[in-house]
Every structure is written in C-alpha cells, then in structure tokens.
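Residue numbers (my numbering): 810 to 1276.
A short worksheet on the structure shown next.
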C-alpha cells in the first residue's frame, strides 16, 4: 500500500510546505502550518467567467470592454443595503462572519424571507430542517397572515455538507440566491481532509466562486471566527470573496453592528445597526435616539457628555461616560470600554500639560454607552469634557453636544462632515454644539437653529462649560 502524501499549509496565507516548519516563510507567522493529506488533483478551474472568450485568448483595450448596468437586488433591509453599497450585486460572493450566537443565521434567514418572488436555496450544514422551520416561524410572526405562507414558500432548504451534492440541488432548483451556512462545514470529495481544514475551505470557496461568476447567481457564505476574532480558515478566503461583512456586538447588549471590511462594489466605511428583539433583528433607522439615555430636565449627571460622531456617512450622537475617583492603590488605573485606551492616555496627558489639571493619583474610567466601539477622533472633546465633569462632580447640560479632535498642543482640530453633525444634533433638539473654529470656514449658521460655539483651544471649551 502506497504511503499517503501529506503537506503542511499555513492557515494565515495558504503557503504550502512539504515539511513542518515553525515559521511561515511567506507571511512570517509562527506555528500556523497544519498538516493535511494530499488527495487526487482537482481539475483546473475555468477563469473565463462572464468576461467572454476574447479576454482569455488575447488582451483587449479596457475601453472596448462592454459592461451592462445590472440592477442590484433590493434586500428590503435599509441597513444591509447600505453596508453592501446599495443592494446585492448579481454574481457576487458575500462572506458574513461573527461570533457564535451573535445572530448571523438569523440575519440572513430573515432577509431572504422578505424576498418574495425570488427563489432562495438555503444550504445548512449545521442545523436540521426542523430547526430552520422553527426559526422561520418565529421570524415571520411580524408579517401579515397572507404574506407568511408566501414568504416561506420561496425559500428552499437543504441540509447537506457535500459540495458536489449541493451543486446538484442548485442545478435542480435554479435559485436566484444561494445561502451556505456555513463554509466551514462544507466539504468536497476531491480533497481528503476533514471539513473546516485549510485545503477544504480553499477548494470549496474556489468552486463556489466559479459557480457564482459563471451563473450570475449571488452566493452568501456564513463563516465562523477563531479566538483571535478573524474569520476561521486561510486568509485567501477573504481575498477570493467580493465582500466581507463582520457582524459585531456584545450578547449582553441588544445592539448588533454590521461592518464592511472589504467591498468591491461599495464603500468599506458604511455600517448598519440592528436591535435584537424577540422575533429577530430590527434595523435601527435612527440609532442616535436609542444611544442617548432619557434623563429629565434638571437631573444632569456628572461625567456624561454627548459626542456627535460619524460612522461611514452616518452621524451618531452617543454618550461618553467618565468616572474619576481616588486611586485605591499606589498605581492609578486607566480603563476604556469602546474607546482606544492609548488615546485616552494621550488626552489625559494633554489635560495635565496644556490645561493644568492634575490627575496623577486618580483612577479614570471611560465607557461608550450602548456597547458600541467608536474610532472617530471627533469624540476627543467630549471625552475630555466628561473626565473634567466627573473630576469636579459637576454635570454638563443635556442639551449640549461636542464635535472636535484634540491635538497634542491642546488645540481643537477640525473634523470632517461638520454640516451633517450639526444637522443631526439640531434634529434631535440640542440647544448648543461646540465645534472647532477651523470648521466655521464656509459654514452658514442661518441654516441651523442650534447655537454653534466655535473654539480654538481646549481651555475655551472648558470655559464655555464650567465658566
């Protein structure tokens, strides 16, 4: 009996090696090479796709390539459409990743149930058909009785983990959209390794990509993530697909966020927000109203400031909460939830050096309310205001918000999309907004009813708040 041949493949970049080595020579990662058996070689995949034989046989001028403006598929979900760049592109391959139990299958299932008149094939390698039916019944409770049976009838479910059998079902059903849940459970017979291995995921993704491009049918892949937070499998999986979506959120909070990490058909700066309810995920059209706590007039709490942030092209008004207390031990603590800890340390150093507030023996805790993570530097001004408000135990009026980046010299630097930030604060009834003075160039105050206070230094903003 012939000895089985094995190879070692890097899980980070897909590099092949005939023997195990500690460090991958291609990407430099340590201990990422895993063993897998070599089966029979798979036939070479066709690279022609829908581009025509002339592209394969000889080069052609890019100006002579004919393109058709195919309409995107409206998913009837404003948040998901925004993240995808306007809808689902025919022939695209979408990869949705997230933590276990975050709601990936629920999001995709409730989305395809809305698409009346389009045949959807839902391939499940993890759940049984009965489990999917129970979930679908719970998700369509919010629809009217007449629409319930129609929504369920358009979705075909098959529980299969062999890719060749899946393609046979696809040929028989001829679906408009294919959903595979999940890519780590699908295996092809041409590779002898177990499902979820590097070689299986790579070969299955290549065959699915070939089908999507040649047939023009969009395919949605649901993927697992590893303990580091990245999508499980070889990194080449993210290079092969057209769009990579990350489904984030804390299971202890009701909000879920869909971020676009890679998108060949739209912007990667977009983000969608959902609220987890008893019958699925509800798109949040105006997240600012939900991220702000309901505090009555005259009940201002110290250490709370409202920041006007931008995520993608969407303005969000969020609460920045700070707690400053006496250090119980010799070394003061610095902790941040939803905010960059290194940036917090920088802002505290600016307060001490440029403004003159000494916080060396004080614990400082920062929290972004709602369980979301913000990377917009425009919330620097609100962080400093919340820290000083907690330090002096004086509340900030609830009808004041902030938008400004703080530099190392204590200056308030300009931020992008200042008009959208002011309009969002004006729409939600805020009385005053403090912005950088440099953003006043070309800004017409007559277009807003809110009081706009420009500042050049951090001291000016603090003088406006605390006198």
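Ideal Cβ placement from N, Cα and C applies to all residues, glycine included.
All values derive from a computational prediction rather than experimental measurement.
Nearest-angstrom Cβ-Cβ length linking residue i and residue j, presumed shorter than 8 angstroms
i: residue 1265; j: residue 1240; result: With 8 angstroms as the limit, residue 1265 and residue 1240 do not qualify as a contact, their Cβ atoms being about 22 angstroms apart.
i: residue 971; j: residue 941; result: Actually they are not in contact, since the Cβ atoms of residue 971 and residue 941 sit about 19 angstroms apart, beyond 8 angstroms.
i: residue 927; j: residue 985; result: 4 angstroms
i: residue 1176; j: residue 1147; result: 7 angstroms
i: residue 1066; j: residue 1075; result: That pair is no contact at about 17 angstroms.
i: residue 1078; j: residue 1212; result: Incorrect: roughly 18 angstroms between the Cβ atoms, too far for contact.
i: residue 1225; j: residue 1127; result: No, residue 1225 and residue 1127 are not in contact; Cβ-Cβ is about 17 angstroms, not under 8 angstroms.
i: residue 1259; j: residue 1234; result: 6 angstroms
i: residue 1114; j: residue 1017; result: Actually they are not in contact, since the Cβ atoms of residue 1114 and residue 1017 sit about 48 angstroms apart, beyond 8 angstroms.
Option nearest residue i by Cα separation, candidates the options
i: residue 1244; options: 1114, 1187, 1207 and 1218; result: 1187
i: residue 936; options: 1252, 898, 991 and 1016; result: 991
i: residue 1153; options: 914, 880 and 1216; result: 1216
i: residue 978; options: 930, 906, 1006 and 882; result: 930
i: residue 767; options: 875, 993, 961 and 1050; result: Residue 767 cannot be examined here, being either before or after the span of the chain that is shown, 810 to 1276.
i: residue 989; options: 968, 1003 and 1004; result: 968
i: residue 883; options: 876, 875 and 892; result: 892
i: residue 827; options: 998, 815, 837 and 1235; result: 815
i: residue 1039; options: 1015, 1268 and 904; result: 904
i: residue 821; options: 997, 1035 and 1053; result: 1035
i: residue 1101; options: 819, 1209, 1019 and 1149; result: 1209
i: residue 1080; options: 1169, 1181, 1007 and 1012; result: 1181
i: residue 987; options: 947, 998, 920 and 1001; result: 920
i: residue 1129; options: 1093, 907, 1191 and 1013; result: 1191
i: residue 1031; options: 1056, 1021 and 1261; result: 1056
i: residue 818; options: 837, 1257, 844 and 1121; result: 844
i: residue 1223; options: 1019, 1189 and 1204; result: 1189
i: residue 1174; options: 1183, 1142, 874 and 1275; result: 1142
Residues sharing a beta bridge with residue i, DSSP
i: residue 1072; result: 1052
i: residue 817; result: 826 and 844
i: residue 968; result: 933
i: residue 1092; result: 1083
i: residue 1111; result: 1204
i: residue 1030; result: 904 and 989
i: residue 1241; result: 1209 and 1260
i: residue 1215; result: 1221
i: residue 1057; result: 1066
i: residue 1127; result: 1116
i: residue 882; result: 897
Helix, strand or coil at residue i [DSSP, three-state]
i: residue 1256; result: helix
i: residue 1183; result: coil
i: residue 1085; result: strand
i: residue 1276; result: coil
i: residue 992; result: helix
i: residue 1174; result: strand
i: residue 1122; result: coil
i: residue 1283; result: In the structure displayed, the chain extends from 810 to 1276; residue 1283 sits before or after that span and is not available.
i: residue 1261; result: strand
i: residue 1133; result: strand
i: residue 1144; result: strand
i: residue 1064; result: strand
i: residue 1013; result: helix
i: residue 898; result: coil
i: residue 1268; result: helix
i: residue 1246; result: helix
i: residue 1220; result: strand
i: residue 835; result: coil
i: residue 1116; result: strand
i: residue 917; result: helix
i: residue 855; result: Unreliable positioning characterises residue 855 in this predicted model, as indicated by a pLDDT of 42, which lies under 50. A coordinate reading is not provided.
i: residue 955; result: Legend: pLDDT at residue 955 = 45, less than 50; position of this residue unreliable, no value from coordinates given.
i: residue 1040; result: strand
Any chain C beta carbon closer than 8 angstroms to residue i
i: residue 906; result: The structure shown contains no chain C; it is built from a single protein chain.
Does the segment 1149 to 1168 come close enough to the segment 1181 to 1198 to have 3 or more Cβ pairs within less than 8 angstroms?
Enough Cβ pairs lie closer than 8 angstroms, so yes.
Can you confirm whether the segment 1040 to 1047 touches the segment 880 to 893 when touching is taken to mean that 3 or more C-beta pairs between the two stretches lie within less than 8 angstroms?
no
Quick one: any contact between the segment 1226 to 1233 and the segment 1131 to 1138, if contact means 3 or more CB pairs under 8 angstroms?
no
Are at least three pairs of beta-carbons, each pair with one atom in the segment 1013 to 1029 and one in the segment 898 to 912, less than 8 angstroms apart?
yes
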